[in-house]
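Everything below concerns the one structure shown next.
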Amino acid sequence: MTEVRQHTAARSRAAAPRRRTRVRRPGPPPRRSPARRVVVGLAYLAAVLLIWQLYVTLADVPAYLLPGPGAVLASIGGLMTSGELWPHLLYTLRNIVIGLTAGVVIGSLLGWLLSSFRAVRMVLAPYVVILQAAPKIALAPLLVLWFGLGLGSQLTLIVLLAFFPMMIAMMLGLGEVTDEQRALGRVLDLGPRRFFTVVQLPTALPALFSGARIAVVDAMTGAFLAEYISAQQGLGFLMVQGRSTYDTPQLLAAVVLTVIVGLTGFALVAAWEKRALPWR
Numbered sequence: 182m183t184e185v186r187q188h189t190a191a192r193s194r195a196a197a198p199r200r201r202t203r204v205r206r207p208g209p210p211p212r213r214s215p216a217r218r219v220v221v222g223l224a225y226l227a228a229v230l231l232i233w234q235l236y237v238t239l240a241d242v243p244a245y246l247l248p249g250p251g252a253v254l255a256s257i258g259g260l261m262t263s264g265e266l267w268p269h270l271l272y273t274l275r276n277i278v279i280g281l282t283a284g285v286v287i288g289s290l291l292g293w294l295l296s297s298f299r300a301v302r303m304v305l306a307p308y309v310v311i312l313q314a315a316p317k318i319a320l321a322p323l324l325v326l327w328f329g330l331g332l333g334s335q336l337t338l339i340v341l342l343a344f345f346p347m348m349i350a351m352m353l354g355l356g357e358v359t360d361e362q363r364a365l366g367r368v369l370d371l372g373p374r375r376f377f378t379v380v381q382l383p384t385a386l387p388a389l390f391s392g393a394r395i396a397v398v399d400a401m402t403g404a405f406l407a408e409y410i411s412a413q414q415g416l417g418f419l420m421v422q423g424r425s426t427y428d429t430p431q432l433l434a435a436v437v438l439t440v441i442v443g444l445t446g447f448a449l450v451a452a453w454e455k456r457a458l459p460w461r
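Following the numbering used here, the numbering of the sequence shown begins with 182 at its first residue and continues without gaps.
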């Protein structure tokens, strides 16, 4: 009798529906609000300024070697109030916009050609890699010799620095297109142009925005380097002017302004990416 009861209980347990344990999938990380981001950024900036001021004060560093943040901010304020800053700033911004636009177009087009045509890749890829491996600070005097001291040599240097990240980004982005997507394009009878705009370009957009972030910073570096070597105007020229007149606060002010321009461009690209790719 006991064995019958045990057998019946075992069968009832086996027939009873099992409870499914729900596995909670980790959701997306919480996003910081814009106000919180501003507060965190200001906190980092305040920490850097505090450490800078403490070092200058405690180590008794001479002002001609490293002035305090107050002297640098005063120099920036003086350049702004006197009106001397604005022509230099606009000159640098104009060069960055023109050079970056040309670099994005050339780099994206070259990346598409290298990714789409094997013959082009075999012919041009070695030369592109060699050009990118060459140190740009060594090429800058040659560009001045070839294109003169004017705008041509400066824009050429900016384009040389900005096009390579976009070329690599386009090649990586187009490499994300799967065989299933290509088969679907053939089934739907999409031509090369339609397939590029509907399938390839949307797939490559995340990589292109990542390349654009790097290209913005590289374009700023190229503009600064070109102005440092050959220009008579711009933020790089302000640094040269501060160095030649032993005005260290102005020299550091030009550096700070250049960093602000680069960070602003980086933030603009990030905001554009967030608007164009909201799922990221």
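Just so it is clear, CB atoms sit at the ideal spot from N, CA and C, and this is done for glycine as well.
Endpoints, the alpha helix (DSSP H) within which residue i is located
i: Gly-446; result: 429-457
i: Thr-282; result: 266-297
i: Leu-421; result: First, the residue type needs correcting, since residue 421 is Val and not Leu in the sequence shown. Counting along the chain, the alpha helix (DSSP H) containing Val-421 begins and ends at 416-425.
i: Glu-361; result: 360-368
i: Gln-335; result: 332-355
i: Leu-371; result: No alpha helix (DSSP H) contains Leu-371, which DSSP labels as neither H nor E.
i: Phe-377; result: No alpha helix (DSSP H) contains Phe-377, which DSSP labels as neither H nor E.
i: Trp-327; result: 317-328
Residue j beta carbon less than 8 Å from that of residue i
i: Leu-294; j: Val-301; result: yes
i: Ile-257; j: Ala-321; result: no
i: Thr-429; j: Tyr-236; result: no
i: Gly-392; j: Ile-349; result: yes
i: Ala-435; j: Met-420; result: yes
i: Leu-332; j: Ala-400; result: no
i: Leu-463; j: Gly-280; result: An answer regarding residue 463 cannot be provided, because it is not within the stretch 182 to 461 covered by the chain.
i: Val-398; j: Thr-273; result: no
i: Met-347; j: Ala-407; result: no
i: Gln-470; j: Pro-248; result: The structure shown does not extend to residue 470, since the chain is modelled only from 182 to 461, so the question has no answer here.
i: Val-450; j: Arg-394; result: yes
Euclidean distance between Cα positions of residue i and residue j
i: Leu-270; j: Leu-438; result: 9 Å
i: Val-204; j: Ser-289; result: Residue placement at Val-204 is flagged as unreliable, the pLDDT there being 49, under the threshold of 50; the coordinate-derived value follows with that caveat. Straight-line Cα distance between these residues: approximately 43 Å.
i: Leu-312; j: Thr-238; result: 46 Å
i: Leu-458; j: Gly-259; result: 41 Å
i: Thr-384; j: Ala-314; result: 28 Å
i: Thr-282; j: Ala-412; result: 21 Å
i: Val-310; j: Phe-344; result: 12 Å
i: Ile-277; j: Val-242; result: 35 Å
i: Ser-263; j: Ala-224; result: 30 Å
i: Gln-414; j: Tyr-308; result: 33 Å
Assigned exposure category for residue i - 16 Cβ within 10 Å defines buried
i: Gly-423; result: buried
8 Å Cβ cutoff, residue i in contact with chain D
i: Trp-453; result: No chain D appears in this structure, which consists of one protein chain only.
Inset, instruction - Only counting runs of 3 or more residues, tell me where the beta strand (DSSP E) segments fall wholly within the segment 213-270, in order along the chain. - result: Restricted to the segment 213-270, not a single beta strand (DSSP E) segment is unbroken, complete and at least 3 residues in length.
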